[in-house]
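What follows is a single structure, written as C-alpha coordinates, with notes after it.
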Amino acid sequence: MNNKGPIYVSNISDDNSENIMGIIKVNNEDSLVKSCGGSCNDAAGEIHLPQSNKHFAVINPSKMCQPMGAVQALLGIKGAMPLIHGSQGCSTYMRFQLCRHFREPVNVSSTSMSESTVVYGGEENLLKALETIWREYKPEIIGVTSSCLTETIGDDMGLIIRKFKSKHSDEELPSIVPISTPSYSGSHVDGYNKVIKSLLENIAVQKKPNDKINIIAGIISPADTREVKKILDLIECRYNMLTDNSESLDAPHTDSVSFLPSAGTEVCEIQDSANSKATISLCKHADSGAKFLEKRFEVESLTGPLPVGLKNTDRFISTICQIQKSQIPKKLEKERGRLIDAIIDAHHYNYQRKVAIYGDPDVVSALAGFVAELGMIPAVTCTGAESDRFLEDMKEVAKESTSKPAVMVGGDLYDLQNYIRHNPVDLLIGNSYGARIASEEDIPLLRIGFPIYDRMGAQRTPIVGYSAGIHLVDTLANMILEKYYDDSGWEIE
0 MNNKGPIYVS NISDDNSENI MGIIKVNNED SLVKSCGGSC NDAAGEIHLP QSNKHFAVIN
60 PSKMCQPMGA VQALLGIKGA MPLIHGSQGC STYMRFQLCR HFREPVNVSS TSMSESTVVY
120 GGEENLLKAL ETIWREYKPE IIGVTSSCLT ETIGDDMGLI IRKFKSKHSD EELPSIVPIS
180 TPSYSGSHVD GYNKVIKSLL ENIAVQKKPN DKINIIAGII SPADTREVKK ILDLIECRYN
240 MLTDNSESLD APHTDSVSFL PSAGTEVCEI QDSANSKATI SLCKHADSGA KFLEKRFEVE
300 SLTGPLPVGL KNTDRFISTI CQIQKSQIPK KLEKERGRLI DAIIDAHHYN YQRKVAIYGD
360 PDVVSALAGF VAELGMIPAV TCTGAESDRF LEDMKEVAKE STSKPAVMVG GDLYDLQNYI
420 RHNPVDLLIG NSYGARIASE EDIPLLRIGF PIYDRMGAQR TPIVGYSAGI HLVDTLANMI
480 LEKYYDDSGW EIE
(Lines of atoms letter the chains of each structure in order from A and count residues from 1; the text may use other names and numbers.)
(Lines give C-alpha, C1' and ligand atoms only; values in the text may rest on other atoms or scores of the structure.)
Protein backbone atom coordinates (compact mmCIF):
# COMPACT_ATOMS: atom_id res chain seq x y z
CA MET A 1 0.00 0.00 0.00
CA ASN A 2 1.26 3.45 -0.81
CA ASN A 3 0.04 6.97 -0.24
CA LYS A 4 1.18 8.59 -3.47
CA GLY A 5 -2.11 10.17 -4.45
CA PRO A 6 -5.82 10.40 -3.74
CA ILE A 7 -7.63 7.57 -5.42
CA TYR A 8 -11.24 8.40 -4.73
CA VAL A 9 -13.25 9.81 -7.61
CA SER A 10 -13.14 13.59 -7.98
CA ASN A 11 -16.42 15.37 -8.65
CA ILE A 12 -14.78 18.44 -10.18
CA SER A 13 -16.30 17.55 -13.55
CA ASP A 14 -19.61 19.09 -14.65
CA ASP A 15 -22.75 18.24 -12.69
CA ASN A 16 -24.44 16.32 -15.51
CA SER A 17 -21.76 13.64 -15.73
CA GLU A 18 -21.58 10.41 -13.75
CA ASN A 19 -18.40 9.59 -11.86
CA ILE A 20 -16.98 6.13 -12.26
CA MET A 21 -14.48 4.94 -9.67
CA GLY A 22 -11.22 3.29 -10.60
CA ILE A 23 -7.46 3.57 -10.56
CA ILE A 24 -5.30 4.35 -13.54
CA LYS A 25 -1.53 4.16 -13.64
CA VAL A 26 0.46 7.06 -14.99
CA ASN A 27 4.22 6.61 -14.64
CA ASN A 28 3.50 4.04 -11.93
CA GLU A 29 1.64 6.63 -9.86
CA ASP A 30 -1.96 6.37 -8.64
CA SER A 31 -4.04 9.11 -10.25
CA LEU A 32 -7.51 10.51 -9.82
CA VAL A 33 -10.06 9.02 -12.16
CA LYS A 34 -12.52 11.65 -13.29
CA SER A 35 -15.85 11.27 -14.99
CA CYS A 36 -15.58 9.34 -18.24
CA GLY A 37 -19.25 9.06 -19.19
CA GLY A 38 -20.26 5.92 -21.03
CA SER A 39 -16.84 5.22 -22.51
CA CYS A 40 -15.78 3.33 -19.36
CA ASN A 41 -18.28 0.59 -20.09
CA ASP A 42 -16.04 -1.04 -22.67
CA ALA A 43 -13.22 -1.44 -20.18
CA ALA A 44 -15.34 -2.94 -17.45
CA GLY A 45 -16.09 -6.63 -16.95
CA GLU A 46 -19.16 -8.45 -18.18
CA ILE A 47 -22.25 -8.73 -16.04
CA HIS A 48 -25.52 -10.59 -16.58
CA LEU A 49 -28.83 -8.75 -16.14
CA PRO A 50 -31.51 -11.39 -15.49
CA GLN A 51 -35.01 -10.42 -16.61
CA SER A 52 -37.90 -10.88 -14.22
CA ASN A 53 -41.05 -12.50 -15.57
CA LYS A 54 -42.99 -10.69 -12.85
CA HIS A 55 -44.32 -7.29 -13.92
CA PHE A 56 -47.32 -6.86 -11.66
CA ALA A 57 -45.92 -6.09 -8.21
CA VAL A 58 -42.98 -5.83 -5.87
CA ILE A 59 -42.74 -8.80 -3.51
CA ASN A 60 -40.45 -8.60 -0.47
CA PRO A 61 -38.68 -5.36 -1.54
CA SER A 62 -34.94 -4.89 -1.27
CA LYS A 63 -35.25 -1.24 -0.23
CA MET A 64 -37.17 1.03 2.14
CA CYS A 65 -38.83 4.43 1.75
CA GLN A 66 -37.02 7.78 1.57
CA PRO A 67 -38.13 9.06 5.02
CA MET A 68 -36.46 6.04 6.66
CA GLY A 69 -33.04 7.08 5.39
CA ALA A 70 -33.80 10.72 6.15
CA VAL A 71 -34.56 9.94 9.77
CA GLN A 72 -31.34 7.93 10.14
CA ALA A 73 -29.31 10.88 8.87
CA LEU A 74 -31.05 13.30 11.24
CA LEU A 75 -30.53 11.01 14.25
CA GLY A 76 -26.79 11.45 13.76
CA ILE A 77 -27.07 15.14 14.72
CA LYS A 78 -26.82 16.25 18.34
CA GLY A 79 -30.08 17.78 19.55
CA ALA A 80 -32.00 16.98 16.35
CA MET A 81 -35.68 16.16 16.13
CA PRO A 82 -36.94 14.47 12.95
CA LEU A 83 -40.46 15.59 12.06
CA ILE A 84 -42.39 13.65 9.42
CA HIS A 85 -45.06 15.74 7.75
CA GLY A 86 -47.58 12.96 7.19
CA SER A 87 -49.82 10.48 8.92
CA GLN A 88 -49.14 9.08 12.37
CA GLY A 89 -48.46 5.66 10.88
CA CYS A 90 -45.36 6.92 9.05
CA SER A 91 -43.50 7.92 12.22
CA THR A 92 -44.73 4.80 14.04
CA TYR A 93 -43.28 2.62 11.29
CA MET A 94 -39.93 4.46 11.49
CA ARG A 95 -39.70 4.07 15.26
CA PHE A 96 -40.63 0.40 15.05
CA GLN A 97 -37.97 -0.45 12.46
CA LEU A 98 -35.24 1.66 14.07
CA CYS A 99 -35.87 0.41 17.61
CA ARG A 100 -35.79 -3.26 16.70
CA HIS A 101 -32.59 -2.83 14.67
CA PHE A 102 -30.58 -0.51 16.95
CA ARG A 103 -32.22 -1.60 20.24
CA GLU A 104 -32.28 2.06 21.28
CA PRO A 105 -35.20 4.41 22.11
CA VAL A 106 -35.87 6.61 19.09
CA ASN A 107 -38.09 9.68 18.88
CA VAL A 108 -39.65 10.63 15.55
CA SER A 109 -42.30 13.36 15.55
CA SER A 110 -45.31 13.51 13.27
CA THR A 111 -47.78 16.14 12.09
CA SER A 112 -50.48 13.45 12.37
CA MET A 113 -52.32 14.16 9.14
CA SER A 114 -55.90 12.88 8.95
CA GLU A 115 -58.60 12.61 6.29
CA SER A 116 -59.72 16.21 6.78
CA THR A 117 -56.19 17.63 6.59
CA VAL A 118 -55.66 15.75 3.35
CA VAL A 119 -58.63 17.65 1.91
CA TYR A 120 -57.85 21.08 3.36
CA GLY A 121 -54.05 20.88 3.52
CA GLY A 122 -51.59 20.21 6.33
CA GLU A 123 -50.38 23.75 7.05
CA GLU A 124 -52.09 24.04 10.42
CA ASN A 125 -50.79 20.63 11.52
CA LEU A 126 -47.22 21.51 10.58
CA LEU A 127 -47.36 24.88 12.34
CA LYS A 128 -48.71 23.24 15.51
CA ALA A 129 -46.09 20.49 15.38
CA LEU A 130 -43.24 23.00 15.03
CA GLU A 131 -44.61 25.03 17.94
CA THR A 132 -44.94 21.98 20.17
CA ILE A 133 -41.50 20.57 19.36
CA TRP A 134 -39.82 23.94 19.87
CA ARG A 135 -41.54 24.65 23.18
CA GLU A 136 -41.47 21.17 24.71
CA TYR A 137 -38.21 19.60 23.50
CA LYS A 138 -36.01 22.63 22.73
CA PRO A 139 -34.08 20.96 19.88
CA GLU A 140 -31.07 22.51 18.19
CA ILE A 141 -32.41 21.56 14.78
CA ILE A 142 -35.68 20.26 13.36
CA GLY A 143 -35.56 18.27 10.13
CA VAL A 144 -38.99 18.38 8.44
CA THR A 145 -39.33 15.52 5.99
CA SER A 146 -42.28 15.07 3.68
CA SER A 147 -44.15 11.82 3.01
CA CYS A 148 -46.10 10.37 0.13
CA LEU A 149 -49.27 11.93 1.55
CA THR A 150 -48.02 15.53 1.76
CA GLU A 151 -46.12 15.28 -1.51
CA THR A 152 -49.29 14.11 -3.25
CA ILE A 153 -51.47 16.96 -1.96
CA GLY A 154 -48.68 19.45 -2.67
CA ASP A 155 -48.00 21.07 0.71
CA ASP A 156 -45.28 23.73 0.40
CA MET A 157 -43.24 22.95 3.51
CA GLY A 158 -40.71 25.69 2.81
CA LEU A 159 -43.45 28.33 2.71
CA ILE A 160 -45.09 27.02 5.89
CA ILE A 161 -41.73 27.05 7.71
CA ARG A 162 -41.13 30.64 6.60
CA LYS A 163 -44.54 31.58 8.03
CA PHE A 164 -43.58 29.96 11.33
CA LYS A 165 -40.26 31.83 11.42
CA SER A 166 -42.00 35.11 10.56
CA LYS A 167 -44.48 34.62 13.39
CA HIS A 168 -41.58 34.19 15.85
CA SER A 169 -39.15 36.63 14.25
CA ASP A 170 -38.32 38.23 17.61
CA GLU A 171 -37.45 34.91 19.26
CA GLU A 172 -34.48 32.56 18.92
CA LEU A 173 -35.56 29.51 16.95
CA PRO A 174 -33.69 26.28 16.21
CA SER A 175 -32.56 25.61 12.65
CA ILE A 176 -35.55 24.27 10.70
CA VAL A 177 -34.71 22.43 7.47
CA PRO A 178 -37.33 21.23 4.95
CA ILE A 179 -36.50 18.00 3.11
CA SER A 180 -38.53 16.57 0.23
CA THR A 181 -38.70 12.78 0.65
CA PRO A 182 -41.68 11.30 -1.21
CA SER A 183 -42.14 7.70 -0.11
CA TYR A 184 -43.39 6.55 -3.50
CA SER A 185 -40.11 7.16 -5.31
CA GLY A 186 -36.45 6.41 -4.69
CA SER A 187 -35.27 4.55 -1.60
CA HIS A 188 -34.00 5.15 1.92
CA VAL A 189 -30.55 5.80 0.43
CA ASP A 190 -32.02 8.73 -1.53
CA GLY A 191 -33.64 10.01 1.66
CA TYR A 192 -30.30 10.02 3.47
CA ASN A 193 -28.65 11.78 0.53
CA LYS A 194 -31.34 14.48 0.41
CA VAL A 195 -31.00 15.24 4.12
CA ILE A 196 -27.25 15.82 3.85
CA LYS A 197 -27.68 18.09 0.85
CA SER A 198 -30.56 20.03 2.44
CA LEU A 199 -28.62 20.53 5.67
CA LEU A 200 -25.62 21.91 3.80
CA GLU A 201 -27.76 24.12 1.55
CA ASN A 202 -29.56 25.66 4.53
CA ILE A 203 -26.86 25.76 7.20
CA ALA A 204 -23.30 25.73 5.76
CA VAL A 205 -21.60 29.14 5.99
CA GLN A 206 -18.23 30.02 4.51
CA LYS A 207 -15.81 31.79 6.87
CA LYS A 208 -12.13 30.95 7.28
CA PRO A 209 -10.41 27.63 6.33
CA ASN A 210 -10.54 25.05 9.12
CA ASP A 211 -8.03 22.45 7.82
CA LYS A 212 -10.65 19.71 8.15
CA ILE A 213 -12.03 16.97 5.91
CA ASN A 214 -15.78 16.41 5.74
CA ILE A 215 -16.82 12.75 5.84
CA ILE A 216 -20.28 11.85 4.53
CA ALA A 217 -20.73 8.41 6.00
CA GLY A 218 -23.88 7.14 4.29
CA ILE A 219 -26.14 4.57 5.93
CA ILE A 220 -23.63 2.58 7.97
CA SER A 221 -23.79 1.14 11.47
CA PRO A 222 -22.61 3.03 14.57
CA ALA A 223 -19.74 0.54 14.81
CA ASP A 224 -18.69 1.41 11.24
CA THR A 225 -18.78 5.11 12.07
CA ARG A 226 -16.55 4.48 15.08
CA GLU A 227 -14.12 2.52 12.90
CA VAL A 228 -13.93 5.37 10.37
CA LYS A 229 -13.30 7.83 13.19
CA LYS A 230 -10.61 5.55 14.63
CA ILE A 231 -8.79 5.49 11.29
CA LEU A 232 -9.02 9.28 10.98
CA ASP A 233 -7.75 9.74 14.54
CA LEU A 234 -4.78 7.43 13.90
CA ILE A 235 -3.86 9.50 10.84
CA GLU A 236 -4.32 12.64 13.01
CA CYS A 237 -6.89 13.99 10.60
CA ARG A 238 -9.30 16.70 11.73
CA TYR A 239 -12.78 16.04 10.37
CA ASN A 240 -16.49 16.82 10.35
CA MET A 241 -18.59 13.65 10.32
CA LEU A 242 -21.82 14.20 8.36
CA THR A 243 -23.58 12.68 10.21
CA ASP A 244 -22.32 10.81 13.29
CA ASN A 245 -24.54 8.01 14.65
CA SER A 246 -21.79 6.32 16.68
CA GLU A 247 -23.25 7.41 20.03
CA SER A 248 -26.82 8.43 19.24
CA LEU A 249 -27.82 5.00 17.87
CA ASP A 250 -25.54 2.93 20.10
CA ALA A 251 -25.45 4.83 23.36
CA PRO A 252 -24.03 3.57 26.64
CA HIS A 253 -26.56 2.91 29.38
CA THR A 254 -27.07 5.77 31.82
CA ASP A 255 -29.67 6.66 34.43
CA SER A 256 -30.93 9.61 32.41
CA VAL A 257 -33.41 9.65 29.54
CA SER A 258 -33.00 12.01 26.60
CA PHE A 259 -35.70 12.69 24.04
CA LEU A 260 -33.11 14.08 21.60
CA PRO A 261 -29.75 12.66 20.50
CA SER A 262 -27.29 13.69 23.23
CA ALA A 263 -24.31 13.10 20.95
CA GLY A 264 -23.49 13.29 17.27
CA THR A 265 -22.55 15.94 14.74
CA GLU A 266 -23.12 19.41 16.12
CA VAL A 267 -24.95 22.07 14.14
CA CYS A 268 -21.85 24.28 14.24
CA GLU A 269 -19.88 21.49 12.52
CA ILE A 270 -22.42 21.39 9.69
CA GLN A 271 -22.11 25.17 9.40
CA ASP A 272 -18.31 24.86 9.36
CA SER A 273 -18.28 22.21 6.61
CA ALA A 274 -18.13 24.98 3.97
CA ASN A 275 -14.62 25.82 5.24
CA SER A 276 -13.08 22.35 4.90
CA LYS A 277 -10.41 21.47 2.37
CA ALA A 278 -12.23 18.39 1.01
CA THR A 279 -15.32 16.24 1.38
CA ILE A 280 -15.15 12.45 1.11
CA SER A 281 -18.42 10.61 0.49
CA LEU A 282 -17.96 7.01 1.60
CA CYS A 283 -21.08 6.04 -0.32
CA LYS A 284 -21.44 7.06 -3.95
CA HIS A 285 -25.20 7.38 -3.63
CA ALA A 286 -24.87 9.98 -0.85
CA ASP A 287 -22.58 12.54 -2.49
CA SER A 288 -25.02 15.29 -3.52
CA GLY A 289 -24.05 17.34 -0.48
CA ALA A 290 -20.38 17.04 -1.38
CA LYS A 291 -21.11 18.20 -4.91
CA PHE A 292 -23.03 21.16 -3.52
CA LEU A 293 -20.11 22.19 -1.29
CA GLU A 294 -17.76 21.94 -4.24
CA LYS A 295 -19.96 24.01 -6.52
CA ARG A 296 -20.91 26.66 -3.95
CA PHE A 297 -17.79 26.87 -1.76
CA GLU A 298 -15.05 25.16 -3.85
CA VAL A 299 -14.55 22.39 -1.29
CA GLU A 300 -13.01 19.49 -3.24
CA SER A 301 -15.35 16.50 -3.51
CA LEU A 302 -14.15 12.89 -3.58
CA THR A 303 -16.48 9.90 -3.82
CA GLY A 304 -16.31 6.33 -2.42
CA PRO A 305 -16.23 3.30 -2.52
CA LEU A 306 -17.22 2.22 0.96
CA PRO A 307 -13.97 1.06 2.63
CA VAL A 308 -14.85 -2.62 2.98
CA GLY A 309 -12.09 -5.19 2.50
CA LEU A 310 -8.47 -4.77 1.53
CA LYS A 311 -8.49 -2.74 -1.67
CA ASN A 312 -11.26 -0.30 -0.77
CA THR A 313 -9.78 0.37 2.68
CA ASP A 314 -6.40 0.95 1.03
CA ARG A 315 -8.04 3.54 -1.19
CA PHE A 316 -9.70 5.37 1.68
CA ILE A 317 -6.58 5.51 3.84
CA SER A 318 -4.31 6.48 0.93
CA THR A 319 -6.69 9.31 0.03
CA ILE A 320 -6.71 10.68 3.57
CA CYS A 321 -2.92 10.45 3.82
CA GLN A 322 -2.48 12.25 0.51
CA ILE A 323 -4.78 15.10 1.53
CA GLN A 324 -3.09 15.30 4.92
CA LYS A 325 0.40 14.87 3.43
CA SER A 326 1.07 12.28 6.13
CA GLN A 327 2.39 8.73 6.36
CA ILE A 328 0.26 5.65 6.99
CA PRO A 329 0.41 4.79 10.71
CA LYS A 330 2.21 1.59 11.71
CA LYS A 331 -0.88 0.39 13.57
CA LEU A 332 -2.92 0.45 10.36
CA GLU A 333 -0.14 -1.33 8.47
CA LYS A 334 -0.21 -4.11 11.08
CA GLU A 335 -3.99 -4.40 10.83
CA ARG A 336 -3.66 -4.64 7.07
CA GLY A 337 -1.09 -7.40 7.42
CA ARG A 338 -3.36 -9.35 9.75
CA LEU A 339 -6.20 -9.07 7.23
CA ILE A 340 -3.96 -10.46 4.49
CA ASP A 341 -2.94 -13.28 6.83
CA ALA A 342 -6.61 -14.04 7.57
CA ILE A 343 -7.40 -14.14 3.85
CA ILE A 344 -4.57 -16.62 3.28
CA ASP A 345 -5.63 -18.77 6.25
CA ALA A 346 -9.22 -19.06 5.03
CA HIS A 347 -8.49 -19.30 1.31
CA HIS A 348 -8.87 -23.08 1.19
CA TYR A 349 -12.44 -22.84 2.50
CA ASN A 350 -13.59 -19.67 0.73
CA TYR A 351 -12.16 -20.31 -2.72
CA GLN A 352 -14.78 -20.53 -5.52
CA ARG A 353 -17.72 -20.49 -3.13
CA LYS A 354 -20.68 -18.73 -4.76
CA VAL A 355 -22.29 -15.85 -2.88
CA ALA A 356 -25.56 -13.91 -3.33
CA ILE A 357 -25.55 -10.37 -1.89
CA TYR A 358 -28.50 -7.98 -1.54
CA GLY A 359 -29.22 -4.61 0.09
CA ASP A 360 -28.08 -1.01 -0.32
CA PRO A 361 -26.13 -0.45 -3.56
CA ASP A 362 -22.89 0.83 -1.98
CA VAL A 363 -22.83 -1.92 0.63
CA VAL A 364 -23.59 -4.62 -1.95
CA SER A 365 -20.91 -3.52 -4.43
CA ALA A 366 -18.32 -3.15 -1.64
CA LEU A 367 -19.10 -6.62 -0.26
CA ALA A 368 -19.03 -8.09 -3.77
CA GLY A 369 -15.55 -6.69 -4.26
CA PHE A 370 -14.46 -8.05 -0.90
CA VAL A 371 -15.68 -11.61 -1.44
CA ALA A 372 -13.93 -11.53 -4.83
CA GLU A 373 -10.71 -10.64 -2.97
CA LEU A 374 -11.23 -13.81 -0.93
CA GLY A 375 -11.40 -15.94 -4.06
CA MET A 376 -15.16 -16.33 -3.74
CA ILE A 377 -17.58 -15.72 -6.62
CA PRO A 378 -20.13 -12.89 -6.25
CA ALA A 379 -22.59 -14.92 -8.31
CA VAL A 380 -25.61 -12.62 -7.96
CA THR A 381 -26.13 -9.17 -6.49
CA CYS A 382 -29.46 -7.42 -5.92
CA THR A 383 -30.40 -3.89 -4.92
CA GLY A 384 -33.80 -2.24 -4.89
CA ALA A 385 -32.36 1.08 -6.07
CA GLU A 386 -32.32 2.01 -9.74
CA SER A 387 -28.67 2.96 -10.18
CA ASP A 388 -26.29 3.19 -13.12
CA ARG A 389 -23.47 3.72 -10.63
CA PHE A 390 -24.18 0.34 -9.11
CA LEU A 391 -24.00 -1.28 -12.56
CA GLU A 392 -20.62 0.36 -13.22
CA ASP A 393 -19.32 -0.79 -9.83
CA MET A 394 -20.40 -4.36 -10.54
CA LYS A 395 -18.69 -4.24 -13.93
CA GLU A 396 -15.48 -3.32 -12.12
CA VAL A 397 -15.98 -6.21 -9.69
CA ALA A 398 -16.61 -8.58 -12.60
CA LYS A 399 -13.47 -7.38 -14.34
CA GLU A 400 -11.29 -7.89 -11.29
CA SER A 401 -12.82 -11.24 -10.28
CA THR A 402 -12.97 -12.66 -13.84
CA SER A 403 -16.56 -13.77 -13.11
CA LYS A 404 -19.83 -12.79 -14.77
CA PRO A 405 -22.19 -11.98 -11.90
CA ALA A 406 -25.93 -11.66 -12.28
CA VAL A 407 -26.89 -8.11 -11.32
CA MET A 408 -30.44 -7.12 -10.32
CA VAL A 409 -31.05 -3.37 -10.27
CA GLY A 410 -34.45 -2.31 -8.98
CA GLY A 411 -35.15 -5.93 -8.11
CA ASP A 412 -36.84 -7.48 -5.10
CA LEU A 413 -36.11 -10.54 -3.00
CA TYR A 414 -38.75 -12.56 -4.83
CA ASP A 415 -36.71 -12.14 -8.02
CA LEU A 416 -33.53 -12.99 -6.14
CA GLN A 417 -35.01 -16.20 -4.73
CA ASN A 418 -36.29 -17.28 -8.13
CA TYR A 419 -32.85 -16.77 -9.60
CA ILE A 420 -30.86 -18.66 -6.97
CA ARG A 421 -33.41 -21.48 -7.03
CA HIS A 422 -32.22 -22.22 -10.57
CA ASN A 423 -28.63 -21.02 -10.02
CA PRO A 424 -27.63 -22.29 -6.57
CA VAL A 425 -25.23 -20.39 -4.32
CA ASP A 426 -23.33 -21.39 -1.18
CA LEU A 427 -23.96 -18.29 0.94
CA LEU A 428 -26.36 -15.36 1.28
CA ILE A 429 -25.31 -11.91 2.57
CA GLY A 430 -27.95 -9.31 3.40
CA ASN A 431 -30.49 -8.10 5.95
CA SER A 432 -33.09 -10.07 7.88
CA TYR A 433 -35.63 -9.94 5.05
CA GLY A 434 -33.66 -12.72 3.39
CA ALA A 435 -34.12 -15.13 6.30
CA ARG A 436 -37.07 -16.82 4.60
CA ILE A 437 -35.00 -17.37 1.45
CA ALA A 438 -32.19 -18.85 3.52
CA SER A 439 -34.61 -21.21 5.26
CA GLU A 440 -36.49 -22.31 2.14
CA GLU A 441 -33.38 -22.77 0.00
CA ASP A 442 -31.23 -24.15 2.85
CA ILE A 443 -28.47 -21.57 2.43
CA PRO A 444 -26.53 -19.95 5.32
CA LEU A 445 -27.26 -16.22 5.73
CA LEU A 446 -24.72 -13.68 6.98
CA ARG A 447 -26.81 -10.78 8.23
CA ILE A 448 -25.40 -7.42 7.13
CA GLY A 449 -27.27 -4.19 6.43
CA PHE A 450 -30.56 -2.71 7.58
CA PRO A 451 -32.82 -3.89 9.08
CA ILE A 452 -31.57 -6.78 11.20
CA TYR A 453 -34.22 -7.73 13.76
CA ASP A 454 -33.76 -11.47 14.28
CA ARG A 455 -30.21 -11.29 15.65
CA MET A 456 -28.51 -9.15 18.31
CA GLY A 457 -25.63 -6.71 17.85
CA ALA A 458 -26.17 -5.26 14.37
CA GLN A 459 -25.34 -1.78 15.67
CA ARG A 460 -22.09 -3.08 17.20
CA THR A 461 -20.83 -5.10 14.22
CA PRO A 462 -18.63 -3.18 11.74
CA ILE A 463 -17.83 -4.12 8.15
CA VAL A 464 -15.50 -1.23 7.22
CA GLY A 465 -11.76 -1.15 7.78
CA TYR A 466 -9.10 -3.82 8.12
CA SER A 467 -10.14 -5.10 11.57
CA ALA A 468 -13.73 -5.61 10.45
CA GLY A 469 -12.42 -7.37 7.34
CA ILE A 470 -10.63 -9.91 9.53
CA HIS A 471 -13.86 -10.63 11.39
CA LEU A 472 -15.75 -10.99 8.09
CA VAL A 473 -13.19 -13.43 6.70
CA ASP A 474 -13.39 -15.62 9.80
CA THR A 475 -17.20 -15.45 9.90
CA LEU A 476 -17.58 -16.45 6.25
CA ALA A 477 -15.10 -19.32 6.59
CA ASN A 478 -16.77 -20.59 9.76
CA MET A 479 -20.20 -20.53 8.10
CA ILE A 480 -18.79 -22.63 5.26
CA LEU A 481 -17.15 -25.03 7.71
CA GLU A 482 -20.38 -25.42 9.66
CA LYS A 483 -22.53 -26.03 6.57
CA TYR A 484 -20.30 -27.86 4.12
CA TYR A 485 -17.82 -29.79 6.32
CA ASP A 486 -18.36 -32.69 8.71
CA ASP A 487 -17.41 -32.90 12.36
CA SER A 488 -13.98 -34.28 11.45
CA GLY A 489 -13.19 -31.31 9.22
CA TRP A 490 -13.68 -33.11 5.88
CA GLU A 491 -15.66 -31.50 3.11
CA ILE A 492 -19.06 -33.11 2.56
CA GLU A 493 -19.38 -34.40 -0.97
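Numbering-wise (numbering that gives the first Met the number 0), the sequence shown opens with residue 0 and increments by one.
Every residue gets a Cβ at the ideal spot worked out from N, C-alpha and C, and that includes glycine.
Secondary structure note for Asn-239: its beta strand (DSSP E) is the uninterrupted segment 238–241. Bounds of any alpha helix (DSSP H) do not take in Cys-381; it lies within the beta strand (DSSP E) bounded by 376–382. A straight-line Cα-Cα distance of about 8 angstroms links Ile-479 and Asn-349. Assigned with DSSP and collapsed to three states, Pro-221 falls in helix. Residue state for Thr-264 is assigned as strand, using DSSP reduced to three classes. Within a 10 Å sphere around the beta-carbon of His-347 sit fewer than 16 other beta-carbons, which makes this residue exposed.
Cβ atoms of Tyr-465 and Leu-338 come within 8 angstroms of each other, at about 5 angstroms. For Pro-443, the closest of Ala-355, Ala-397, Cys-89 and Gly-488 by C-alpha to C-alpha distance is Ala-355. Taken atom to atom, the span from the alpha-carbon of Arg-352 to that of Arg-102 is near 33 angstroms.
Taking a cut-off of 8 angstroms on C-beta distances, the stretch 379–394 touches the stretch 51–71, as three or more cross pairs fall below it. Taken atom to atom, the span from the alpha-carbon of Lys-196 to that of Ile-218 is near 15 angstroms. Beta-bridge annotation (DSSP): Pro-60 is paired with Asp-411. DSSP, reduced to helix, strand and coil, places Arg-446 within a strand of the structure shown.
Under the three-state reduction of DSSP output, Leu-82 falls in the strand class.
Where Glu-299 is concerned, the enclosing beta strand (DSSP E) starts and stops at 299–302. By alpha-carbon distance to Ile-342, the top candidate from Gln-323, Ser-364, Pro-328 and Lys-310 is Lys-310. For Val-266, the CB contacts under 8 angstroms within the same chain, skipping 5 residues up- and downstream, are Ile-76, Lys-77, Gly-78, Glu-139, Ile-140, Ser-174 and Ile-202 in chain order. Taking the C-beta atoms as reference points, Gly-308 is found no nearer than 8 angstroms to Gly-429. In the DSSP assignment, His-47 is bridged to Ala-405.
Asp-361 and Cys-282 have their C-alpha atoms roughly 6 angstroms apart. The beta carbon of Leu-445 sits closer than 6 angstroms to the beta carbons of Ile-428 from its chain, once the five residues preceding and following it are set aside; these are given in chain order. In the DSSP assignment, Thr-144 falls within the beta strand (DSSP E) that extends over 140–145.
Distance from the Cα of Leu-248 is smallest, within the candidate group Asn-209, Lys-329, Ile-212 and Arg-99, for Arg-99. A contact is defined here as three or more CB-CB pairs under 8 angstroms, and the stretch 80–89 meets this definition with respect to the stretch 140–149.
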